[in-house]
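Colleague: Pasting a structure below so you can have a look.
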């Protein structure tokens with residue numbers, strides 16, 4: 002039997018995920034399970050590159066794990082775990098730091114963006130070396146594929162560079178991962194600025210939909226979503242707000258954008274906003290019920306993350322042992 006390819010990804014524990022996280026990544030992960038040997042983790046170590054309240058981090062980590070399962074990730078089919086529960090991530094990250102260059106890390110777009118918003122004296126080394134930890138996450142599991150959006154492509158490129166550099170120096174050690182870019186992934190944009198990606202860090206809470214938002218809140222946010230003054234429903238870059246609403250509708254109902262445009266011929270934006278809100282509410286209702294159930298059954302979540310960490314650790318340890326031998330560490 003042909004060995005399954007390995008896929009790896011993770012999300013930061015920032016509490017309830019957004020509709021953008023769900024339609025842009027999580028729903029896709031669910032569709033891929035079974036086809037690949039899949040590792041999905043909650044990247045709590047990445048989360049502390051910016052200050053976090055400890056009790057919020059703990060709560061949010063469990064929430065994201067619950068979001069994963071409620072959205073359809075099956076712990077029997079995929080390995081679900083918390084990043085900090087597998088010490089090999091930190092160990093490999095340090096070793097790879099010694100094979101990463103200051104220049105390439107300082108050119109990372111996300112580092113430049115985030116550091117611009119902070120006092121230069123308060124920028125941590127963790128924020129600077131974040132891409133090396135990300136490389137360790139991926140390379141530990143010998144991942145063949147990593148589902149990435151455009152904003153993460155640069156991080157995957159540096160992962161590939163580090164892997165090739167290490168392989169060239171010490172012989173084949175790491176699988177050099179390829180990006181997995183699904184053709185039908187919808188990029189969900191902000192409801193208030195449709196030229197920017199939907200993000201929970203937006204200062205305007207009307208800009209994003211959370212998976213745990215109540216129906217009334219979802220209706221209100223879509224009603225307030227920014228469109229334009231053209232007044233005709235078209236799927237075009239000239240109408241980014243309408244295009245975003247059509248993408249959301251299309252991703253949930255599997256209707257083609259052209260069909261949706263035909264359906265709304267002669268109808269106003271208000272009707273489209275109302276209908277998009279309704280399909281989102283219907284899609285999220287069973288997920289919300291499952292999240293609620295899981296968060297009331299923390300013992301079950303604990304079993305999942307303990308079993309997941311054990312499985313992940315076994316795979317990670319194999320890679321780490323090989324790496325340590327190659328760099329010249331004496332085995333314990």
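In my numbering, the protein residues as written are 2 to 333.
Just so it is clear, CB atoms sit at the ideal spot from N, CA and C, and this is done for glycine as well.
Note that the structure is a prediction, hence the values are computed from the model and not measured.
Determine the DSSP secondary structure at residue 228, reduced to helix, strand or coil.
Modeller: Coil at residue 228, not helix or strand.
Colleague: Any beta-carbon of chain D closer than 7 Å to the one on residue 266?
Modeller: The structure shown has no chain D; it contains just one protein chain.
Colleague: Taking residue 147 as the reference, give the member of 281, 330, 37, 329 with the closest Cα.
Modeller: The shortest C-alpha separation from residue 147 is found at 37.
Colleague: Determine the direct distance from the alpha carbon of residue 101 to that of residue 150, and round the result to whole angstroms.
Modeller: If I take the Cα positions, the gap works out to 23 Å.
Colleague: Tell me the DSSP bridge mates of residue 147?
Modeller: For residue 147, which the question treats as bridged, DSSP gives the partners 180.
Colleague: Could you tell me which whole alpha helix (DSSP H) segments of length 4 or greater appear in the stretch 260–320?
Modeller: The stretch 260–320 contains these whole alpha helix (DSSP H) runs: 270–296.
Colleague: May I ask you to list the residues that DSSP assigns as paired with residue 8?
Modeller: The partner list for residue 8 (beta bridge, DSSP) reads 39, 146.
Colleague: Who are the Cβ neighbours of residue 326 in its own chain at under 8 Å, not counting the five residues just before and after it?
Modeller: Here the set comprises 332.
Colleague: Give the single residue among 323, 24, 157, 256 whose Cα lies nearest to the Cα of residue 172.
Modeller: When only C-alpha atoms are compared, the closest one is 323.
Colleague: To the nearest angstrom, how far is it from the Cα of residue 169 to the Cα of residue 284?
Modeller: Rounded to whole angstroms, residue 169 to residue 284 spans 48 Å at the Cα level.
Colleague: Say whether the stretch 221–230 touches the stretch 262–278, bearing in mind that this needs 3 or more beta-carbon pairs closer than 8 Å, one atom from each stretch.
Modeller: With the cut-off at 8 Å, the stretch 221–230 and the stretch 262–278 touch.
Colleague: Tell me the DSSP bridge mates of residue 83?
Modeller: Bridge partners of residue 83: 43.
Colleague: Go ahead and pull the three-state DSSP assignment for residue 125.
Modeller: Residue 125 falls in the coil class under three-state DSSP.
Colleague: Only counting runs of 3 or more residues, tell me where the beta strand (DSSP E) segments fall wholly within the stretch 52–97, in order along the chain.
Modeller: Segments of the beta strand (DSSP E) lying fully in the stretch 52–97: 80–83.
Colleague: Just to confirm before moving on: does the CB-CB distance between residue 83 and residue 138 stay below 7 Å?
Modeller: Cβ distance not < 7 Å, so residue 83 and residue 138 don't count as in contact.
Colleague: Any idea what DSSP makes of residue 257, helix, strand or coil?
Modeller: DSSP places residue 257 in coil when its eight states are reduced to three.
Colleague: Since residue 317 and residue 89 are thought to touch, with beta carbons under 8 Å apart, how far apart are those beta carbons, to the nearest angstrom?
Modeller: Yes, they are in contact, since the Cβ atoms of residue 317 and residue 89 sit about 4 Å apart, within 8 Å.
Colleague: First and last residue of the alpha helix (DSSP H) that includes residue 107?
Modeller: Unbroken alpha helix (DSSP H) run through residue 107: 103–107.
Colleague: Taking the straight line between their C-alpha atoms, what separation do you get for residue 232 and residue 60?
Modeller: Cα-Cα distance, rounded: 43 Å.
Colleague: Use the C-beta contact count for residue 310: other C-beta atoms within 10 angstroms, 16 or more gives buried, fewer gives exposed.
Modeller: Buried, since its Cβ has 16 or more Cβ neighbours within 10 Å.
Colleague: Residue 27 lies in the alpha helix (DSSP H); which residues open and close that run?
Modeller: Taken as a continuous stretch (DSSP letters only), residue 27 belongs to no alpha helix (DSSP H), as it is neither H nor E.
Colleague: Candidates 216, 241, 236: which alpha carbon is nearest residue 228's?
Modeller: Of the candidates 216, 241, 236, the one whose C-alpha sits nearest the C-alpha of residue 228 is 241.
Colleague: Can you find at least 3 beta carbon pairs, one from the stretch 267–275 and one from the stretch 6–14, that sit closer than 8 Å?
Modeller: In short, these stretches do not touch, since the Cβ pair count stays below three.
Colleague: So is residue 57 buried or exposed if we call it buried at 16+ other beta carbons inside 10 Å?
Modeller: So residue 57 counts as exposed.
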